[in-house]
Every structure is written in C-alpha cells, then in structure tokens.
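Protein sequences appear in the order of chains A and B.
Note that this note's numbering has the first sequence beginning at 3, numbered continuously upward.
Note that this note's numbering has the second sequence beginning at 3, numbered continuously upward.
We put the beta carbon where it would ideally sit given N, CA and C, even for glycine.
2 protein chains.
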Amino acid sequence: MAELGALLGDPARANMLAALMDGRALPAGELAYVARVTPQTASGHLAKLTDANLLALEKRGRHRYFRLASPLVASMVESIMAVAAIQLPARRAPVSYMDDRMRTARTCYDHTAGRLGVGIADAMAACGYVVFGEDGAAITETGTGFLADFGIARDVGRRSRRSFCRPCLDWSERRPHIAGIVGAAILDRCLELGWVEKSKDTRALAITPAGARGLDKTFGIQFSSTTLPTLRRIASVANAAGASSNLNTSRTSGRNAPVR
Amino acid sequence: MAELGALLGDPARANMLAALMDGRALPAGELAYVARVTPQTASGHLAKLTDANLLALEKRGRHRYFRLASPLVASMVESIMAVAAIQLPARRAPVSYMDDRMRTARTCYDHTAGRLGVGIADAMAACGYVVFGEDGAAITETGTGFLADFGIARDVGRRSRRSFCRPCLDWSERRPHIAGIVGAAILDRCLELGWVEKSKDTRALAITPAGARGLDKTFGIQFSSTTLPTLRRIASVANAAGASSNLNTSRTSGRNAPVR
DNA sequence: GGATCGCTTCGGCCGCGGCCGAAGCGATCT
DNA sequence: AGATCGCTTCGGCCGCGGCCGAAGCGATCC
C-alpha cells in the first residue's frame, strides 16, 4: 500500500491520473503536457504507473496511448480526490486551479459532475426522487417515474452487475452527485437530447443553449450564457423546482419515498 | 491529491493507517511500534497525518490517542488496499507479512473480513441470499428471511443513512465480503453469540470452539482447531451448505432472487 | 519532591527519487 | 532514402524528506 501511495504522491503522476479519470486514453505527449514535465520525465512516470498496473498501454502507430487500467483504479483515485477536497482545504484553500468550465460541468468517469451534476442531484433529492445515505443512494418509486418521463427506460441496467445508483462525492462542489447506472443514463440522455456536448480533449461538458433551457425547465438549474454566476444552491433550487415545470408533480418534501 | 498521496506513500504512515482501520484509537507509542520506527520519528508522521485531517487526536492523561478522522478516510484507505491487493501481486507476490490469524478472521472497520468474511459472503451468495454487482450488492428476499433466522432483525438499520449492504474487497482473500449495515449486523451477531472475540490490540478476530461449530452449521465454513488448513472455496462451500443445515431451506442456485 | 514515563522538538546525516540534456530507436511521411 | 516525429533510455545533478540521538516538557507515580 505504501508503494501505491508513493506512486500517487507525485504531483506529475497525480495530474496524469486526474486527466485520465474520464476513462479516455491519452498519448504520452499529452500526459507530459498536463503533468507539466518534459516527455522524458513523463515517460519515466508512465512506465512506473504501467508497471504497477494502474495504467494500461495501447500502442497505435508511433503513439502510445495510456488509460486507467480498471474501474477499480478510477474509484480509488476518486475516493482520494474526495478526501482531498474535504480534508485539506483548511490548510490549502488558496484556489484550485481547476478551470471554470470544468467546475461548471464535466464527466466523472461516465456520469456528470460539477455544478451540473450536483445541481441534478440536489433537485432530485429535494423532490424526493432520490435519497442519499452515508455510503449509498437509491431512486424512490416516484423517482423512477420521473426518470421515465425524462426518457430513461424503467428497466435500464436491470441486468447489469453495476451499482444501480450510488453517490459520488464531487471534489469541486464538495457535495454528492449521482453515479452508477442511473448517473450514466442521465448523462447519456443529456447527450442524446443535445443538452450537453463532450469536449474532445478535456472532461469538460459544454452546455448548449437548448441544454440551458431544458436543464432549467426540468431540474431548475440555471446557467447563464457564457460565464456563469453562482448556481442557486439547494434551498433555492428546491423552491425554484416547485415553481417551474416537471419536478412539481406530486411534490413531496424530504426523504420519505411516496408511492406513485 | 498529490499531497495526500505522498502522505500515504510512506511505509511507516501506511502501517499506522492500516492499524487504525478498525476504528479504534491507539496511543502514539503503539503506532510507533506497528510502524517499526522510533517514537520521535512516529511523532513526526503523526503530526503530518493529523495536520492533513486524516487522523483525529484525543488526549488522555499523558497519552495521546489517534484514530481515523472519518469514515471517508477509512473508505479511501480501503479502496487503496483493494487496488494494492489486486494490482501489485504480479510484481511483488513474495508473501505478505500479514499474520495467519489476521488472514483467518479480522474486523474491517466494523464488519468481518478475511477467510471468515469471504466465507460468509460466498455461502450466502451461493444460496442466493445476497447478490454482488460490480460496485454494489443487495440482500434478496430469501436472504432477509435467512438473516432473520440468524437473529438479525428485519428492520435493522432501516432508518440509517448508511448503505444497507455493500461489497468490500478483501485484500487478503482478493474477493468481496459483505459490508454496510448488514455486514456490521453480522459481526455484531457473531460477537453476541460468542462465536468470535475481538482481540485487544489487533484487528484479528478469534474464533471460539462454539463459533467453529456454529459457523460450520450455519454457513458451511470450517475452521480447524488452531492453525487452519485452506478453507474450502466457493464451489465446495456451496455444496457443503446444501448438505448441512440452515442454508438449504429453499435452496436455489445462483443469482435469481426467489420469492419467499 | 524526585523519578519515571509518554511524547515532542531540534539538528544533522544520508539516500531515494524527480528532473532535464543528450542520445537512441522505431514508425511515418515525402 | 532521408527527414521528422513520438517516445524511451542513459547519466548526472540536486533537493526533499525520512531517520535517529539528544534534549525538553508536561503528566503521573510514589
């Protein structure tokens, strides 16, 4: 374990892993760039990570693409990020260097994170569509109906071995968002609707004009045109949701799981 | 994150964290001992871990007790251990220095792990009492009945915000065992029945003679008297379970969740 | 009150590991 | 075939951080 920790403990390697968190494979040169080191230094780091089976290597032509070796590795990195977001700010708040677009909306492995991710989670929680526990989460019966209305089949992932709905701590917002099959399905649906678009070389998600309208109407989340003011927080999201559309069918407060 | 990784990347600190994984608070001297360093070195490490809010400090008399600062930290360490167990053995199999009693049965935060933990999980899975997914797990309806027969109230933890049943990867056995509310309840029940006993200064669990009988009868797990031969693996556990007692009521194979 | 004990702080030693420049190697392009 | 490109290997520099001995400090014991 110490060995693994030491591997994660270098800023260059940590940056590389963070850059790979969405599951894409990146070439060595690009990883050198995100790690802010020369290619030869990066090469050394990548060799270590690959030796430890944290990264998998894919050769293509004269390029060598690296990606996280397994979801287990991703979840390990995620859990460290979560602790890092919560524990350290006291001593080292100064300002994270994460770019604004990343804070707004990004992919986290296969689901949405950032303000978008927690905004969806907050709105759904406020309406009793999802309940969060300390280390688990569940979609309520009314929540299943809501998702069906949103365009996510009721039987999605029923046969899959993955967790259906689980919370994932957001390291920029420091609040949970929705992961698991449901989280992935929500992201897929948003992409399908053309509400958000994946960026080619970062994990950032761009919110389209149609997306801004749709997300406000459905979840009560408002994104201003280009750079965005602060997102309304949970209380106001809940209120707004009550006042606008979709979410206010069978509005029930809090954690009980009303029968549809 | 790199900062956190560096913190975890020192063998001495890693040993300390591992020793605290069951949630107990240990005095500085004892942690120095498990880390195999002098008290003054340990003091430095502990200061760093405490500064980073990974450990919480409790002063009592002239002793200073340290414990993990939060369950989040525990789950982070756990996820690293899980990756360490799976990824590294290829290069560094040579023999773990974990003591045999720890491999047999130990606490993992608040539930059972080691051969005992995975044995229970295997037996229950083989009988369709629990199903494991990639990042989730659930107790089936027959499973709920089985647990009730075992002495665990049907409504245990219903109001808790913790995850009810979740898999936890065992880093000595490299297979999942049962964590969450159910995992904790099973351990509590085993303690209550006098089947296992917590050790004072390690996470090892001692299996009592009554426990050996009970565990065999209920779960089909056999522990020989003192040092134990290899535990029968999943297939044989399933067969044995069919032949002996308790588990064979409404025996159904595999993953379907039969209605009670 | 003095002795002991648990723990911390200080100071200095030393080795591991990250860093880069230079050079090498195979794939690709023209 | 030669030029370029992406990446790796080699070698040497250097600084961070872990380690321990010695000393200090407060609580406890007798």
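Verify whether the separation of the beta carbon atoms of residue i and residue j is less than 8 Å.
{"i": "B:Gly-7", "j": "A:Gly-11", "result": "yes"}
{"i": "B:Leu-22", "j": "B:Arg-69", "result": "yes"}
{"i": "A:Ile-209", "j": "A:Trp-197", "result": "yes"}
{"i": "A:Leu-51", "j": "A:Ala-44", "result": "no"}
{"i": "B:Ile-82", "j": "A:Met-104", "result": "no"}
{"i": "A:Ala-20", "j": "A:His-113", "result": "no"}
{"i": "A:His-179", "j": "A:Ala-115", "result": "yes"}
{"i": "A:Leu-48", "j": "A:Ala-71", "result": "no"}
{"i": "A:Met-18", "j": "B:Val-85", "result": "no"}
{"i": "B:Glu-199", "j": "B:Leu-207", "result": "yes"}
{"i": "A:Ile-88", "j": "B:Leu-171", "result": "no"}
{"i": "A:Arg-215", "j": "A:Glu-175", "result": "no"}
Out of the options, which one is the CA nearest neighbour of residue i?
{"i": "A:Ala-76", "options": "A:Leu-207, A:Glu-175, A:Thr-109, A:Lys-50", "result": "A:Thr-109"}
{"i": "B:Thr-144", "options": "B:Ser-72, B:Phe-225, B:Ala-127", "result": "B:Ala-127"}
{"i": "B:Leu-149", "options": "B:Gly-138, B:Ser-45, B:Thr-220, B:Pro-73", "result": "B:Thr-220"}
{"i": "B:Gly-222", "options": "B:Arg-191, B:His-113, B:Gly-119, B:Asp-157", "result": "B:Gly-119"}
{"i": "B:Val-132", "options": "B:Pro-169, B:Arg-117, B:Ser-165, B:Thr-106", "result": "B:Pro-169"}
{"i": "B:Leu-9", "options": "B:Gly-46, B:Pro-29, B:Pro-41, B:Asp-172", "result": "B:Gly-46"}
{"i": "A:Phe-166", "options": "B:Asp-151, B:Ala-181, B:Leu-74, B:Ala-140", "result": "B:Ala-140"}
{"i": "A:Arg-15", "options": "A:Arg-26, A:Pro-29, A:Val-36", "result": "A:Val-36"}
{"i": "A:Gly-25", "options": "A:Arg-38, A:Glu-194, A:Tyr-111", "result": "A:Tyr-111"}
{"i": "B:Pro-29", "options": "B:Asn-17, B:Asn-55, B:Arg-66", "result": "B:Arg-66"}
{"i": "A:Glu-5", "options": "A:Gly-31, A:Lys-200, A:Asn-55", "result": "A:Asn-55"}
{"i": "B:Ala-27", "options": "B:Arg-38, B:Glu-60, B:Asp-53", "result": "B:Glu-60"}
{"i": "B:Arg-160", "options": "A:Arg-160, A:Ala-123, A:Arg-164, A:Gly-138", "result": "A:Gly-138"}
{"i": "B:Cys-192", "options": "B:Asp-218, B:Asp-53, B:Ile-88", "result": "B:Asp-218"}
{"i": "A:Arg-177", "options": "A:Ala-123, A:Gly-213, A:Asp-53", "result": "A:Ala-123"}
{"i": "B:Phe-134", "options": "A:Arg-164, A:Cys-129, A:Gly-121", "result": "A:Arg-164"}
{"i": "B:Ala-181", "options": "B:Glu-80, B:Gln-224, B:Cys-129, B:Asp-53", "result": "B:Glu-80"}
Return no unless some Cβ of chain A is closer than 8 Å to the Cβ of residue i.
{"i": "B:Val-184", "result": "no"}
{"i": "B:Met-126", "result": "no"}
{"i": "B:Gly-138", "result": "yes"}
{"i": "B:Asp-172", "result": "no"}
{"i": "B:Ala-44", "result": "no"}
{"i": "B:Val-85", "result": "yes"}
{"i": "B:Leu-195", "result": "no"}
{"i": "B:His-164", "result": "First, the residue type needs correcting, since residue 164 of chain B is Arg and not His in the sequence shown. So yes, B:Arg-164 belongs to the interface."}
{"i": "B:Met-18", "result": "no"}
{"i": "B:Arg-156", "result": "no"}
{"i": "B:Leu-10", "result": "yes"}
By DSSP's criteria, residue i is part of a beta bridge. Which residues make up the other side?
{"i": "B:Glu-60", "result": "B:Tyr-67"}
{"i": "B:Leu-207", "result": "B:Lys-200"}
{"i": "A:Cys-110", "result": "A:His-113"}
{"i": "A:Leu-28", "result": "A:Phe-68"}
{"i": "A:Val-75", "result": "Partner(s): none; A:Val-75 has no beta bridge."}
{"i": "A:Phe-134", "result": "A:Ala-139"}
{"i": "A:Pro-178", "result": "A:Leu-171"}
Buried or exposed for residue i, please, with buried defined as at least 16 other CB atoms from any protein chain shown within 10 angstroms of its CB.
{"i": "A:Asp-157", "result": "exposed"}
{"i": "B:Arg-62", "result": "exposed"}
{"i": "B:Thr-106", "result": "buried"}
{"i": "B:Ala-155", "result": "exposed"}
{"i": "A:Thr-40", "result": "exposed"}
{"i": "B:Asp-151", "result": "exposed"}
{"i": "B:Gly-153", "result": "exposed"}
{"i": "A:Leu-205", "result": "Note on residue identity: the sequence assigns Arg, not Leu, to residue 205 of chain A. Label assigned to A:Arg-205: buried."}
{"i": "B:Gly-121", "result": "buried"}
{"i": "B:Gly-31", "result": "exposed"}
So is residue i in contact with chain B if we call contact Cβ pairs under 8 Å?
{"i": "A:Leu-189", "result": "no"}
{"i": "A:Pro-96", "result": "Confidence at A:Pro-96 is low in this model, with a pLDDT of 34, below 50, so its placement is unreliable and the value that follows should be read with caution. So no, A:Pro-96 is outside the interface."}
{"i": "A:Met-23", "result": "no"}
{"i": "A:Pro-13", "result": "yes"}
{"i": "A:Met-104", "result": "no"}
{"i": "A:Gly-7", "result": "yes"}
Going by the C-beta, is residue i closer than 7 Å to any heavy atom of the ligand HEM?
{"i": "B:Ala-155", "result": "With respect to the ligand HEM, the structure offers nothing, as it holds no ligand at all."}
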